[in-house]
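Read through the structure below, which is laid out as structure tokens, and then see the notes.
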Amino acid sequence: MTWGDRSRRIEPGQIILLALLTLGLIAAPFLPLSLMKKAPSVCVFCALGFKKCPGCGMTRAVLSLLHGDALGAIQYNWKVLIVAPILCLMYLEFARKCIGLRPMLPGL
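So the sequence shown is numbered by the numbering used here: it starts at 8 and just counts up by one.
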């Protein structure tokens with residue numbers, strides 16, 4: 008089977024996951040930032056009493072980016088500049104796979 012063969016079986020679970028991810032991306036900018044700022048940290052390291060891990064603030068940073076607040080995102084965690092483009096590529100590759108298109112990047 009080649010990548011151009013549209014007759015390949017698409018798993019229902021993949022389509023459901025793609026739909027949920029897409030709905031989340033559409034809905035996230037409509038959630039008030041105040042909810043995000045008041046929410047407790049979900050970091051396991053912080054919950055165990057350790058200092059902040061390298062990923063602390065990443066969820067808030069990504070959500071800030073989805074709201075169009077790049078400066079706020081960088082203030083939460085500057086590594087969002089590296090992680091956000093990777094997440095975008097992963098989402099696009101997954102979407103292309105779900106609809107039967109060839110991957111954009113080899114090896115993914």
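For every residue, glycine included, the Cβ atom is placed at its ideal position computed from N, Cα and C.
Query: Which residue wins for smallest C-alpha separation from proline 92, given the options Val69, Thr29 and Gly75?; Result: Val69
Query: Excluding five sequence neighbours on each side, which residues of the same chain lie with their C-beta closer than 8 Å to the C-beta of isoleucine 81?; Result: Ala68, Val87 and Leu88
Query: Does the pairing of the segment 23 to 37 with the segment 52 to 62 give three or more beta-carbon distances under 8 Å?; Result: no
Query: Ignoring anything shorter than 4 residues or poking outside the segment 21 to 71, list the alpha helix (DSSP H) runs there in chain order.; Result: 40 to 45 and 51 to 54
Query: CB-CB under 7 Å to valine 90, same chain, minus the five flanking residues each way: which ones, in chain order?; Result: Met65
Query: Would you decide whether serine 48 is buried or exposed? Buried here means 16 or more other CB atoms lie within 10 Å of its CB.; Result: exposed
Query: Roughly how many angstroms separate the alpha carbons of leucine 72 and leucine 32, rounded to a whole number?; Result: 11 Å
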